[in-house]
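Trainee: Heads up: the sequence shown begins at 3 in my numbering, then just goes up one per residue. For each residue, glycine too, the CB sits at the ideal point set by N, CA and C. This is the structure I have questions about; it appears just below.
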Amino acid sequence: MLNLIKTRRSIRQYTDKPILRETILRLLESANWAPSAHNSQPWRFVILTDMTDKSNLANAMGQRLRADRLAEGDDPTEIERHVARRYAQFTQPPVLIVLCLSLELNPVNLSILVENRKSKIEWVMGVQSVAMAAQNLMIQAHADGLATCFYCAPLFAPDEVKAVLELPADWQPQGLIALGEGAQTVTKTRHSLETKVKFL
Ligand SMILES: Cc1cc2nc3c(=O)[nH]c(=O)nc-3n(C[C@H](O)[C@H](O)[C@H](O)COP(=O)(O)O)c2cc1C
């Protein structure tokens with residue numbers, strides 16, 4: 003298991019080989035068995051395999067990226083390069099899995115987050131639970147010989163993502179996982195555990 007975990011890498015280039023629905027369902031099954039706060043299972047998934055769907059999502063997020071960076075006063079040429087890079091990133095993979103958080107079974111009134119510490123903690127636990135589901139999925143994909151990369155882009159354009167994917171009102175976009183047959187080799191290191199652990 004440790005070797006499996008250590009050899010998973012974020013892969014950002016994929017072959018065109020389509021991924022079977024059964025394969026995707028197997029990965030979602032592994033995600034669905036993640037631990038979650040109160041066993042609330044707050045993860046929701048939107049699967050995109052069609053180029054039109056991927057393109058619409060990429061364009062929606064790109065429009066928001068462009069607007070935000072223009073508002074920051076960034077160089078328009080650099081912005082267009084960034085938007086184009088992102089578009090390629092989100093249309094090239096055979097599959098996109100958009101991860102959402104739903105607090106439907108464990109409702110939190112988001113408008114009182116600031117005042118209500120308990121609600122805020124419940125929301126964080128929901129986010130943590132979705133992240134655990136994501137990790138299950140990525141490890142299972144790696145075990146099955148597939149490549150993934152987690153992207154946080156939907157967090158920066160939640161309204162656009164909700165609109166273009168026609169998400170139910172309670173589904174909050176958290177991120178997306180690109181999935182496919184990997185077409186690159188990546189090496190990564192980690193800082194030593196020494197700086198990250200305190201044994202008592
Ligand atoms: C919460 C989160 C957000 C991430 N967002 C991005 C992203 O927006 N773009 C990207 O290229 N990689 C993203 N990544 C992937 C990280 O860059 C990657 O996990 C890290 O560099 C370590 O590399 P490895 O996964 O190959 O070990 C994200 C990963 C996580 C966990």
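1. Taking DSSP as the reference, what is the three-state secondary structure of T150?
2. Tell me which same chain residues have a C-beta within less than 6 Å of the C-beta of L112, skipping the five on either side of it?
3. Can you give me the C-alpha to C-alpha distance between Y16 and P44, rounded to a whole angstrom?
4. Could I get the ranges of all uninterrupted alpha helix (DSSP H) runs contained in the segment 20-72, with 4 residues as the minimum, in chain order?
5. What three-state label does DSSP hand S12 in the structure shown?
6. Taking the alpha helix (DSSP H) that Q91 belongs to, which residues open and close that run?
7. With a threshold of 16 other CB atoms inside 10 Å of the CB of M53, please say whether the residue is buried or exposed.
8. Could you please give the first and the last residue of the uninterrupted beta strand (DSSP E) stretch that includes V97?
9. Is there contact between the segment 56-72 and the segment 80-89, where contact requires at least three CB pairs shorter than 8 Å?
10. Cβ-heavy atom distance between F152 and ligand 1 below 7 Å?
Mentor: According to the data block:
1. strand
2. With a pLDDT of only 49 at L112, under the threshold of 50, the placement of this residue in the model should not be trusted, and no figure is reported.
3. 29 Å
4. Complete alpha helix (DSSP H) runs here, min 4: 23-34.
5. Residue state for S12 is assigned as strand, using DSSP reduced to three classes.
6. P78 to T93
7. Counting the other Cβ atoms within 10 Å of the Cβ of M53 gives fewer than 16, which makes it exposed.
8. V97 to S104
9. Yes: the two stretches touch, three or more of their Cβ pairs being nearer than 8 Å.
10. yes
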